[in-house]
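Novice: Using my numbering, the first residue of the sequence shown is number 62, and each one after it goes up by one. Beta carbons are placed, not taken as given, at the ideal position from N, Cα and C, and that holds for glycine. Please read these numbers as outputs of a predicted model, since none were measured by experiment. Sharing a structure here in structure tokens format.
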Amino acid sequence: MFDLEPGKLIVIAIVALIAIPSKDLPRVLRSLGQFSGKMRRMAAEFQGQFMEAMREAELDDLRKEVSEMRDAVKESVKLDVAFDPMAEARKQITGAITGDAERSPAQTPHPEEPPASRGLPDFRIGRRSRAGPRSRWRLEG
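Right, dumping it as structure tokens:
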């Protein structure tokens, strides 16, 4: 705070001994100690208030982040409610039993077209050859 080196303190003490009479010196030193104590308490109080303000600012930021995360979780829960595979399966099974099966786009049968016309090789397993029981399956195509 004050740049007081030991040399400067000795000079101040000598001037104080010359300027202040010896009978008033204890009273002056006592009041100087009280003043320095008040200054330290004020500095500590200011530092404490400053640190408290910093913690409150951090808490506000943390509260904001927590509320954003809570909102994100609520959104994901809404999405999870929309995607319920058990309800989907239950609906399909019930529909299959009653004969009103709703087919999803993935389950709709495609018209049978030969795989070669789609540009894919035909890997259907054919019959066993007449070579015997140890012969392997042959691929038709």
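#1: By Cβ distance below 6 Å, which residues in the same chain neighbour L93 in space, the five residues on each side in sequence not counted?
#2: Taking V89 and I81 to be in contact with their CB atoms under 8 Å, please state how far apart those CB atoms are, rounded to whole angstroms.
#3: I'd like the list of long-range same chain contacts for A162, defined as Cβ closer than 7 Å, with 5 residues on each side in sequence excluded.
Specialist: Walking through what the data contain:
#1: Take L93, set aside five residues on each side of it, and no residue of its chain has a beta-carbon closer than 6 Å to its own.
#2: Here V89 really is in contact with I81; their C-beta atoms are around 5 Å apart, less than 8 Å.
#3: Unreliable positioning characterises A162 in this predicted model, as indicated by a pLDDT of 48, which lies under 50. A coordinate reading is not provided.
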